[in-house]
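Residue numbers (the numbering used here): 652 to 924.
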């Protein structure tokens with residue numbers, strides 16, 4: 652079971668844990684109280700459950716609180732495990748601040764196609780030789796796969812101008828909540844983009860989705876049942892990095908089953924009850 656030390660891997664796909672986020676009340680409390688023991692234990696559980704990367708998202712921070720919070724969070728995570736960290740912040744200046752506390756190369760998360768965010772994050776990644784996540788969106792998320800691919804093309808072009816391509820550029824086609832109006836069309840568009848990226852770009856960027864966006868409760872309806880099937884569909888469409896709840900038992904079952912379908916495991920019915 653998740654957290655018991657039994658790691659789950661799905662072939663070469665990278666599992667990025669989204670569990671260290673201030674949107675979770677327990678993590679928000681730990682950040683507020685500087686409970687390093689809680690966060691360190693969570694990091695170790697995520698590593699044992701199969702995470703390759705850890706997304707660190709302390710949420711909105713006032714300018715006065717940013718340095719100390721990022722110092723605490725990065726230092727605690729690096730001491731607890733040897734996983735690659737993803738620095739998750741909306742403002743390029745905050746990403747640069749957080750980067751200053753890292754002793755190992757992180758992944759920058761994230762840029763968008765907006766000029767104010769794309770250029771500075773690309774420059775930061777280029778200067779330090781880092782990989783980055785860039786979302787195919789501007790101030791809003793486009794509705795169609797064609798619009799997403801157009802924004803991806805802009806991102807790829809700007810990245811190439813700075814010597815960033817291939818494995819260093821990670822494109823997020825932006826999963827949207829399934830329960831929102833038009834959510835099913837958005838989900839289909841994401842899958843279309845995942846399939847198209849390696850056909851359109853050479854070298855192709857890495858493909859990532861944030862799975863939890865599909866089932867977020869803020870959309871006003873429960874759709875958690877859809878996470879596993881959408882993960883399977885995205886995997887079939889070529890997904891390379893899955894940002895998800897690594898401790899979710901239902902997702903673990905889906906990952907095990909996908910390994911069976913890929914010929915990397917033996918079907919044992921007892922694992923799925």
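Glycine residues also receive a C-beta, built at the ideal position from the N, C-alpha and C atoms.
From residue i to residue j, what does the alpha carbon distance come to, in whole angstroms?
i, j, result
"residue 820", "residue 857", "6 Å"
"residue 783", "residue 662", "22 Å"
"residue 893", "residue 860", "6 Å"
"residue 655", "residue 725", "Residue placement at residue 655 cannot be trusted, given a pLDDT of 37 that sits under 50; what the coordinates show is reported in the next sentence. Taking the straight line joining both Cα atoms gives about 24 Å."
"residue 882", "residue 714", "36 Å"
"residue 757", "residue 707", "10 Å"
"residue 918", "residue 911", "6 Å"
"residue 601", "residue 923", "Nothing can be reported for residue 601: it is not among the residues displayed for the chain, which extend from 652 to 924."
"residue 840", "residue 682", "36 Å"
"residue 779", "residue 716", "25 Å"
Can you name the start and end residues of the beta strand (DSSP E) that residue i belongs to?
i, result
"residue 737", "735 to 739"
"residue 705", "704 to 707"
"residue 820", "820 to 823"
Less than 8 Å between the CB atoms is what I'm expecting for residue i and residue j, so what's the real figure, rounded?
i, j, result
"residue 802", "residue 764", "4 Å"
"residue 785", "residue 762", "4 Å"
"residue 787", "residue 822", "6 Å"
"residue 698", "residue 732", "4 Å"
"residue 809", "residue 773", "6 Å"
Please name the residue, chosen from the options, that lies closest to residue i on a Cα-to-Cα basis.
i, options, result
"residue 798", "771, 844, 658", "844"
"residue 925", "907, 914, 750", "Nothing can be reported for residue 925: it is not among the residues displayed for the chain, which extend from 652 to 924."
"residue 867", "826, 709, 746, 914", "826"
"residue 754", "722, 811, 684", "722"
"residue 792", "818, 749, 838", "838"
Under DSSP, the alpha helix (DSSP H) around residue i begins and ends at which residues?
i, result
"residue 692", "687 to 699"
"residue 666", "No alpha helix (DSSP H) contains residue 666, which is instead part of the beta strand (DSSP E) from 665 to 668."
"residue 723", "714 to 731"
"residue 911", "900 to 912"
"residue 679", "676 to 684"
Entirely within the stretch 745 to 797 and at least 4 residues each: give me those alpha helix (DSSP H) ranges in chain order.
766 to 779
Report the start-end ranges of each alpha helix (DSSP H) in the stretch 832 to 895 that is 4 residues or longer and not cut off at the edges.
Secondary structure within the stretch 832 to 895: the alpha helix (DSSP H) runs of 4 or more consecutive residues, fully enclosed, are 834 to 851, 878 to 887 (chain order).
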